[in-house]
Structures are given as C-alpha cells and as structure tokens.
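> Below are the structure tokens for one structure; questions will follow.
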Amino acid sequence: MKGKYFIADQEDIDSKLASDVYFSRTSQFISENDGKKVIAEITASSDEMINFTGLEEMIRLLEGKKISLRAIPEGTVIQTRDSAGIPIPFVTIEGIYESIMEYETSLLGFICQSSGISTQAMKFYMQIYPKEFVSFGIRRMHPAISPMIDRAAFIGGASGVSGILGGELTSTVPVGTMPHSIAIIMGEKKAWEYVYRNSPPGRRTLLIDTFGDEKTKALEIAEMFPETDYIRLDTHSSRRGNFPSIVREVRWELDLRGYRNIKIMVSGGLKLDQIAELKTAGAELFGVGTSIASAKPVDFAMDIVKVGDIPISKKGKYSGSKDVLKCPECGNVRVLPIGVELECHGPMKSLLNEMIHDGKRTSKPETAIEIRSRSVGNALKNIQQNNN
Ligand SMILES: [Zn+2]
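In this text, residue positions in the sequence shown follow this note's numbering: the first is 5, and each later residue adds one.
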C-alpha cells in the first residue's frame, strides 16, 4: 500500500491487492489446472426488498477481462428472492474462473455496500414522499468513499447530496445550508444575512437553533428575512425533548403571522421511524445523514453454479445457468433454468441484461439521474401498492 491515507487506490483494486488473501494463495493451483469455463452468479442470502446499485463499478473492473456478464440494471427495486423463494441472481459472470477469482472481494464490496445505502435511502424516500430529503451523511464515513455514498443515496431517492464530489458524480448541484460555526464566530444575525443574500431564491435556508429557542428565532428570522425559503431545525439532542412538538409549534406561530411561505427543514440524527411524525408535524424537507450512509450492506455472495457443461454448486446454492423473468403486468418474478419460458399474464420478460460480452462492454453507461428515475419509479409503484 502506498500513499498518505489508509485506502486502497484504483491501481490496488485493479491489480487484485484489495482482495482477501485466500484467493491469491490458491490462484496458482487454479491457473495450472484450469482452462475450464465456469458460470458464477451473485445472490443475496437475505430475503428483503432492495434497491440494487454498485454495478457500474463492477462493470468497469471486469471490462476487458475474458468474461461475459449479465445483470439486473442498477436502480431496480426488487425482492432478493423470487415468488417461489429461489434466490435471484443479480449478476451472472461466464468465463475462465482464473480471470475473476481474485476480484471477488472487490466485486462484492462494490455492490454490497452501495446497495445497502441505496436500499436505506429508498426506505426514507418511501416514508418522506411527497416531501423531499437530502443526503448529509458523508461526514461520518471515510472520505475516500464519499462520492459512492452520495451516488447511492441519490439513486435511492435523495433529491440532492451534500458532497462536492458527490454532486459531480450525480451531475447535480450539491446542497448545503450553513454551518453552526459561522453563527458562532460572526454572530447569528450577520451569519443569516450573509447566507440570505448569497443563496439563490428557493434555497435560502437559515439555521435557527445555534443559541436561542426555536420559536423565538423562527419569528425573528421571519420578520428580518420574510423571503426565507426554509428555516432549518438541527436541535441538539440534549434540548430536543419532543422534536415533532417543536416543529408543530414553530409551524403554528409562523402560519399565525402569515409566513406560510417559510418552510421547515429538519436534520440531526434522524431515524426512519421518526419521519412520519415529523412530516405530520409540518417538516417539509429532511436532511438525513448517518442513518443512510451507515446502512447495513446487502449480503451478496458469489458462487460457481456451472463448470464446463455440468451444473454444480456448493450445498445451499442452486446450480445451473439461470434467467430472471418478470411479468410486466403483475410484477411476479421467477428464477428459472435459462431457456425455459413462462407465461403469467402473458409472456414474462428477462430482467438480466448483457452488459459485457467476451470482455467488450455491450451496455451504455447510465447516468445517476437515469438510474434514479428507474429507482424512484419502482419505489412509487410500491407506495401505490401499499396504499391500495
Ligand atoms: Zn402476471
């Protein structure tokens, strides 16, 4: 490992160094005796609804290797098992095993962590909709992976991300309000004035709880800066008591004085189970950080399911080459041996798209915005189904 920080750089990943050692210790044995084509597939052990992301980095790592790859597109919201309980292959890789074995650690790492974050972001999206949330979580995570975290949170449903690199990766203007520090150093009123004058209309967000009471400060801001778009409540946990009640009271006092235009943003350690109550109380924008960025990874694993022409797998796994079919009408998903067709409300369609063929990339990279629109579309369908 070289460099100043404790991270694997791109070269380390490409040259198989960011891998578990048991692969490199046995790769010599494989390369002397191999030459057999295998099919390996990636499935999750859990049974949960996920928002699948991280694939783009996997494709970038495997492009040019002697393999072909089929996968479910990023941003697909899907149960990890089909309607009969069979684990869904999210990715299938066909090629000489030697050409992929030492990348397994990195390949799984890309999709496990990213999918965990996008799945958690989707859960917040479904709770918060039709209101919006922004991702503020990179400050609790290692900076080297902050763009990945922001991308996954954005695809999962965040309207914006706080990181400069995350903004670049998602082609969005990064979002932010104002730090408590400028109110402490410059004085609250001067700090508000600076932020108010220097923020574009629609994004004038003033942090109100550095020193004083939320209600008093909200009214002070409303009188001084009546065109404020959002006041942000980031109330410290030691003062929080009942956060929804504080929001409700501030909303009441603003409305009573005709400041309906000033909306309330909340942030500060927000958990998924607090959202509904805060929304009812009148919060209209949510800054969500660690709850999304530190999401539990999806437990994907990679397994060989076919060697040469022989279907074979370890116990607990389903052997053979497979397809994942979905009924466009009812959304029923089934995993079947490849080539087997099935009718549900009409012919079912494969969810696995070929993305690499014999080392050559065959799919056009999608932008984060394109992937997010698939993801959010899928999530909205779930919201509608839950409401029906
Ligand atoms: Zn159907």
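Quick reminder that beta carbons are idealized off the backbone N, C-alpha and C, glycines included.
#1: In the DSSP assignment, find the alpha helix (DSSP H) that holds Val174 and state where it starts and stops.
#2: Following a CB-centred definition, is Glu333 positioned closer than 7 angstroms to any heavy atom of ligand 1?
#3: Return helix, strand or coil for Leu329, following the three-state DSSP convention.
#4: Quick one, which of Glu98, Leu65 and Thr209 has its alpha-carbon nearest Asp307's?
#5: For Ser122 and Asn55, which I take to be in contact (beta-carbon distance under 8 angstroms), what is that distance rounded to the nearest angstrom?
#6: Out of curiosity, what's the CA-to-CA distance linking Leu329 and Glu358?
#7: For Ser150, collect the residues of the same chain with a Cβ closer than 8 angstroms to its Cβ; drop the 5 residues on either side in sequence, then sort them by chain order.
#8: Quick check: the region 242-258 against the region 189-209, are there 3 or more CB pairs under 8 angstroms?
#9: Counting Cβ pairs, one atom from each stretch, are 3 or more of them under 8 angstroms apart for the region 102-115 and the region 24-40?
#10: Taking the alpha-carbon of Phe290 as reference, which of Phe114, Gln278 and Ala12 has the nearest alpha-carbon?
#11: Tell me, please, whether the region 313-320 touches the region 284-301 by the rule of three or more beta-carbon pairs shorter than 8 angstroms.
#12: Report the rounded CA-to-CA distance for Thr214 versus Pro178, giving the unit in angstroms.
#13: Could you check whether Asp238 and Gly272 sit closer than 8 angstroms to each other, using their CB atoms as the reference points?
#14: Please give the ranges of any beta strand (DSSP E) in the region 327-361, keeping only runs that are unbroken, at least 3 residues long and fully inside the region.
#15: Please name the residue or residues paired with Ser139 in a DSSP beta bridge.
#16: Let me know the secondary structure DSSP gives Asp307 once reduced to three states.
#17: Start and end of the alpha helix (DSSP H) containing Ser72?
#18: Leaving aside the five residues before and after Glu218 along the sequence, list all residues of the same chain whose C-beta is less than 7 angstroms from its C-beta, in chain order.
#19: Based on Cα-Cα distance, which residue from Asn246, Gly350 and Thr96 lies nearest to Leu59?
#20: For Arg264, which of Leu274, Ala287, Val270 and Phe247 has the nearest alpha-carbon?
#21: Quick one: Cα of Glu257 to Cα of Glu197, how far?
#22: What residue range does the alpha helix (DSSP H) around Phe10 cover?
#23: Taking 7 angstroms as the cut-off, does the CB of Asn336 come closer than this to any heavy atom belonging to ligand 1?
#24: Measure how close the beta-carbons of Asp362 and Ile342 come, nearest whole angstrom, since I'm counting them as under 8 angstroms.
#25: Ignore the nearest five residues each way along the sequence and tell me which others in Pro131's own chain have a CB closer than 7 angstroms to its CB.
#26: So, at 8 angstroms on beta carbons, what are the nonlocal neighbours of Ser50 in its own chain, with the 5 sequence-adjacent residues on each side left out?
#27: For Val380, does the three-state DSSP call read helix, strand or coil?
#28: DSSP three-state call for Val270: helix, strand or coil?
Walking through what the data contain:
#1: Per the sequence shown, the amino acid found at residue 174 is Thr instead of Val. Start and end: Ile168 to Thr174.
#2: Result yes, Cβ under 7 angstroms from ligand 1.
#3: In the three-state reduction of the DSSP assignment, Leu329 falls in the strand class.
#4: Each of Glu98, Leu65 and Thr209 was checked against the Cα of Asp307, and the nearest Cα belongs to Glu98.
#5: Contact between Ser122 and Asn55 holds: their C-beta atoms lie close to 4 angstroms from each other, under 8 angstroms.
#6: Near 14 angstroms, if we compare the C-alpha coordinates of Glu358 and Leu329.
#7: Hits under 8 angstroms: Ile142, Gly167, Leu169 and Gly170.
#8: The way I'd put it, the region 242-258 doesn't touch the region 189-209; fewer than three beta-carbon pairs between them come closer than 8 angstroms.
#9: Segments in contact, yes.
#10: That would be Gln278, whose Cα lies nearest to the Cα of Phe290.
#11: Too few Cβ pairs lie closer than 8 angstroms, so no.
#12: Straight through space, the alpha carbons of Pro178 and Thr214 are spaced by roughly 23 angstroms.
#13: Cβ distance < 8 angstroms, so Gly272 and Asp238 count as in contact.
#14: With a minimum length of 3 residues, the continuous beta strand (DSSP E) runs that stay inside the region 327-361 are 337-341 and 357-361.
#15: Beta-bridge annotation (DSSP): Ser139 is paired with Val165 and Val292.
#16: The answer is strand: DSSP assigns Asp307 an E or B state.
#17: Careful: Ser72 lies outside any alpha helix (DSSP H), inside the beta strand (DSSP E) at Ile71 to Ala75.
#18: Within the same chain, Glu218 has close Cβ partners Ile212, Leu237, Thr239, Ile250 and Val254.
#19: Of the listed residues, the one whose Cα sits closest to Leu59 is Thr96.
#20: Distance check between Arg264 and each of Leu274, Ala287, Val270 and Phe247 places Ala287 closest, using alpha-carbon atoms only.
#21: Between the alpha carbons of Glu257 and Glu197 lies a distance of about 22 angstroms.
#22: Careful: Phe10 lies outside any alpha helix (DSSP H) and carries neither H nor E.
#23: Indeed, a heavy atom of ligand 1 lies less than 7 angstroms from the Cβ.
#24: About 18 angstroms separates the CB atoms of Asp362 and Ile342; that is not less than 8 angstroms, and the two are not in contact.
#25: The sequence as given places Gln at residue 131; Pro does not occur at that position. Taken in chain order, the residues that qualify are Leu276, Ile279 and Ala280.
#26: Cβ within range, chain order: Thr84, Val302 and Asp303.
#27: Of the three classes helix, strand and coil, the one that applies to Val380 here is helix, per DSSP.
#28: Correct three-state label for Val270: strand.
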